[in-house]
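Protein chains in written order, with our numbering: chain A, 1 to 143; chain B, 1 to 143; chain C, 1 to 143; chain D, 1 to 143.
Glycine included, each C-beta is placed from N, C-alpha and C at the ideal position.
Have a look at the structure below before the remarks.
4 protein chains.
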Amino acid sequence: MLIINRLNQIEAKTIICGAVHKANELGIPMCISVVDESGNLIAFERMDGGKVHSVTISQDKAFTAASARKGTHEFNQACIPVHENNLFGIHTALGGRMCIVGGGLPIVSNGKVVGGIGVSSGSPAQDLGCAQAGVDAFTHNYN
Amino acid sequence: MLIINRLNQIEAKTIICGAVHKANELGIPMCISVVDESGNLIAFERMDGGKVHSVTISQDKAFTAASARKGTHEFNQACIPVHENNLFGIHTALGGRMCIVGGGLPIVSNGKVVGGIGVSSGSPAQDLGCAQAGVDAFTHNYN
Amino acid sequence: MLIINRLNQIEAKTIICGAVHKANELGIPMCISVVDESGNLIAFERMDGGKVHSVTISQDKAFTAASARKGTHEFNQACIPVHENNLFGIHTALGGRMCIVGGGLPIVSNGKVVGGIGVSSGSPAQDLGCAQAGVDAFTHNYN
Amino acid sequence: MLIINRLNQIEAKTIICGAVHKANELGIPMCISVVDESGNLIAFERMDGGKVHSVTISQDKAFTAASARKGTHEFNQACIPVHENNLFGIHTALGGRMCIVGGGLPIVSNGKVVGGIGVSSGSPAQDLGCAQAGVDAFTHNYN
Numbered sequence: 001m002l003i004i005n006r007l008n009q010i011e012a013k014t015i016i017c018g019a020v021h022k023a024n025e026l027g028i029p030m031c032i033s034v035v036d037e038s039g040n041l042i043a044f045e046r047m048d049g050g051k052v053h054s055v056t057i058s059q060d061k062a063f064t065a066a067s068a069r070k071g072t073h074e075f076n077q078a079c080i081p082v083h084e085n086n087l088f089g090i091h092t093a094l095g096g097r098m099c100i101v102g103g104g105l106p107i108v109s110n111g112k113v114v115g116g117i118g119v120s121s122g123s124p125a126q127d128l129g130c131a132q133a134g135v136d137a138f139t140h141n142y143n
Numbered sequence: 001m002l003i004i005n006r007l008n009q010i011e012a013k014t015i016i017c018g019a020v021h022k023a024n025e026l027g028i029p030m031c032i033s034v035v036d037e038s039g040n041l042i043a044f045e046r047m048d049g050g051k052v053h054s055v056t057i058s059q060d061k062a063f064t065a066a067s068a069r070k071g072t073h074e075f076n077q078a079c080i081p082v083h084e085n086n087l088f089g090i091h092t093a094l095g096g097r098m099c100i101v102g103g104g105l106p107i108v109s110n111g112k113v114v115g116g117i118g119v120s121s122g123s124p125a126q127d128l129g130c131a132q133a134g135v136d137a138f139t140h141n142y143n
Numbered sequence: 001m002l003i004i005n006r007l008n009q010i011e012a013k014t015i016i017c018g019a020v021h022k023a024n025e026l027g028i029p030m031c032i033s034v035v036d037e038s039g040n041l042i043a044f045e046r047m048d049g050g051k052v053h054s055v056t057i058s059q060d061k062a063f064t065a066a067s068a069r070k071g072t073h074e075f076n077q078a079c080i081p082v083h084e085n086n087l088f089g090i091h092t093a094l095g096g097r098m099c100i101v102g103g104g105l106p107i108v109s110n111g112k113v114v115g116g117i118g119v120s121s122g123s124p125a126q127d128l129g130c131a132q133a134g135v136d137a138f139t140h141n142y143n
Numbered sequence: 001m002l003i004i005n006r007l008n009q010i011e012a013k014t015i016i017c018g019a020v021h022k023a024n025e026l027g028i029p030m031c032i033s034v035v036d037e038s039g040n041l042i043a044f045e046r047m048d049g050g051k052v053h054s055v056t057i058s059q060d061k062a063f064t065a066a067s068a069r070k071g072t073h074e075f076n077q078a079c080i081p082v083h084e085n086n087l088f089g090i091h092t093a094l095g096g097r098m099c100i101v102g103g104g105l106p107i108v109s110n111g112k113v114v115g116g117i118g119v120s121s122g123s124p125a126q127d128l129g130c131a132q133a134g135v136d137a138f139t140h141n142y143n
């Protein structure tokens with residue numbers, strides 16, 4: 001039997017809190033998704049004014065980061081089609097659910113991925129900043 | 001110009017709070033979704049132990065209730081194929097996103113639908129009970 | 001943090017072995033899927049001659065049983081549209097991925113669902129028989 | 001009447017064995033799919049720790065390789081948008097099921113494609129290495 005560690009609801013809320021705080025600093029209402037280690041949604045908040053398409057994209061960023069165990073922005077650079085690494089095209093997999101736009105990060109505890117966060121409604125850099133703030137809130141409170 | 005009333009994030013959290021309180025009474029960890037008047041997700045919580053398929057079904061219940069402006073359980077009885085009302089089959093619309101299983105309710109303010117709640121992981125009756133508790137929390141606090 | 005128990009590969013192979021043995025007794029080549037506790041595929045075997053549509057259906061049965069924590073045949077009876085339990089219509093949820101045809105069973109260890117098995121290519125009763133044989137192989141070897 | 005040669009279950013298991021052996025050498029738990037000459041799944045193994053998104057991507061790589069009768073990495077370079085071969089865009093076909101990321105190879109016997117293997121969870125080069133090891137195991141044992 002495998003023993004798996006998974007974010008609980010309180011931890012997920014803490015992560016969203018951190019991302020919301022950063023979004024308020026930026027003045028951009030965000031959609032924020034937190035998933036478990038298998039990519040399934042645990043918690044979601046669309047801040048007042050968050051964009052409709054970001055409901056899905058934030059979930060897909062969180063899914064991709066948790067499953068691939070790396071930031072979605074790392075995929076983004078590796079997928080530039082001139083690179084000869086055979087990775088271009090991953091962004092259309094799973095009906096486009098694989099999201100390579102910056103703003104998704106894995107949540108790591110004791111070296112294991114226990115979940116993921118995805119943020120969407122700003123620029124990729126702004127989304128990534130909020131996702132990182134979510135990760136930092138987790139690390140500060142639980143690691 | 002149309003003026004639309006739409007749930008905000010604090011109201012959505014209040015609604016989820018009401019549903020969570022009821023779910024804890026029942027001892028059943030639920031997935032709870034709140035959508036706006038257009039059916040787009042505002043807030044979501046998967047209580048620790050909530051079922052994976054309920055992530056989507058709770059969203060679909062909330063979407064259906066907000067968009068159709070009635071409880072999903074009302075659809076259910078009307079869809080029984082012996083009824084001669086030509087409604088049978090609505091449950092496969094939108095790729096199955098129209099959900100006719102009990103547990104989705106519209107959120108109404110001043111006679112207008114301003115959002116919806118969908119609950120899933122228990123029986124339809126238990127899900128409906130938690131959805132109603134969410135509606136009641138809204139009514140108690142804001143109406 | 002939540003601590004989750006999940007089937008490993010050797011356990012999944014044991015479960016498939018039990019189902020294959022029963023399928024050979026019945027003389028029906030089956031498609032057999034084993035998923036983890038989150039419904040994601042771990043192992044799959046299409047016995048020589050297994051049906052093509054069963055590739056997907058066996059996966060969906062395993063997913064449904066693991067996520068709903070009960071046999072798909074239990075859903076089947078509860079979904080008969082004359083029943084006034086508001087459950088009719090669940091079978092079209094998730095784009096039809098919720099499978100209510102007999103042949104899916106959860107895998108339980110120490111009272112917790114750790115995975116699921118789904119079998120397809122025969123009648124629902126035959127599929128269920130093979131799924132049960134898979135569960136029995138797990139119980140006999142690991143519980 | 002057409003006479004079709006198709007991988008059987010024992011051959012599929014041999015192919016997976018070869019890929020697993022290579023994955024263990026690399027220290028990367030992989031998802032490995034084997035399909036028949038029509039692209040339909042015969043056998044699948046998610047090694048303990050294999051990634052969730054790779055469940056689908058490995059199947060799509062195997063499907064693409066068997067159907068297109070060439071390695072998915074060959075598609076990858078041909079799809080780079082600067083190439084004037086009108087192939088760019090094939091990666092979004094079939095809802096993204098056409099996978100042009102390296103790691104899918106056809107299985108060939110007597111000059112005919114009899115199936116395909118798809119591997120996912122590492123880099124495209126690592127995935128391709130494991131897929132090749134699966135092909136080699138087949139060739140060594142059956143050709």
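For Ala62 (chain B), there is no enclosing beta strand (DSSP E); the enclosing alpha helix (DSSP H) has its first and last residue at His53 to Ala68. Within the same chain, Cβ atoms closer than 7 Å to the Cβ of Gln132 (chain A) are found at Leu105, the five residues on either side in sequence being excluded.
When DSSP reads this structure, Asn76 (chain A) sits in no beta bridge, so it has no partner.
Leu2 (chain A) has C:Arg6 as its beta-bridge partners, per DSSP. Annotation: the stretch 83 to 114 of chain D contains no complete segment of the alpha helix (DSSP H) (minimum length 4 residues). The DSSP-derived three-state label of Ile42 (chain C) is strand.
Collapsing the DSSP output to three states places Ile15 (chain B) in a helix.
Contacts with chain D (Cβ-Cβ distance below 8 Å) from the stretch 73 to 88 of chain A involve Pro81, Val82, Glu84, Asn85, Asn86, Leu87 and Phe88, listed in chain order.
For the stretch 29 to 58 of chain A, the beta-carbon criterion of a distance under 7 Å to any beta-carbon of chain B is satisfied by Asn40, Leu41, Ile42, Ala43, Phe44, Glu45, Arg46, Met47, Asp48, Val52 and Val55. In the three-state reduction of the DSSP assignment, Gly122 (chain D) falls in the coil class, being assigned neither a helical nor a strand state.
In chain order, Cys31 and Val55 place their CB closer than 7 Å to the CB of Arg46 (chain D), counting only its own chain and leaving out the 5 sequence neighbours on each side. Not a single C-beta of chain B is nearer than 8 Å to the C-beta of Gln132 (chain A). Any Cβ of chain C closer than 8 Å to the Cβ of Val101 (chain B) would place that residue at the interface, and such an atom is present.
At the C-beta level, Cys79 (chain B) and Phe88 (chain B) come within 8 Å of one another.
Val35 (chain B) places its beta carbon 8 Å or farther from that of Gly134 (chain B).
Asn8 (chain C) belongs to the set of residues whose beta carbon lies under 8 Å from a beta carbon in chain D. Membership of Ile32 (chain D) in the beta strand (DSSP E) is indicated by the continuous run Cys31 to Asp36.
Of the candidates D:Glu25, D:Gly118 and D:Gly50, D:Gly118 places its Cα closest to the Cα of Arg69 (chain D).
Taking C-alpha positions only, Leu41 (chain C) is separated from Lys61 (chain D) by approximately 16 Å. Residues Val35 and Gly39 of the same chain have their beta carbon placed closer than 6 Å to that of Phe63 (chain C), with the five preceding and five following residues left out of the count.
Residue state for Gly129 (chain A) is assigned as helix, using DSSP reduced to three classes. Close partners of Thr92 (chain B) in chain C (Cβ separation under 7 Å): Thr92. Taking the C-beta atoms as reference points, Ser121 (chain C) is found nearer than 8 Å to Ile28 (chain C).
Relative to Ile4 (chain C), the option among B:Gly49, B:Asn143 and B:Ala23 whose CA is nearest is B:Gly49. Nearest Cα to Asp127 (chain D) within the set D:Gly96, D:Ile57 and D:Lys112: D:Ile57. Beta bridge pairing from DSSP links Gly116 (chain D) with D:Val35 and D:Pro106. In the structure shown, Asp48 (chain B) falls within a coil segment according to DSSP collapsed to helix, strand and coil.
Against Asp60 (chain D), the close residues of chain A are Ala93, in the order they occur along the chain (beta-carbon pairs closer than 7 Å).
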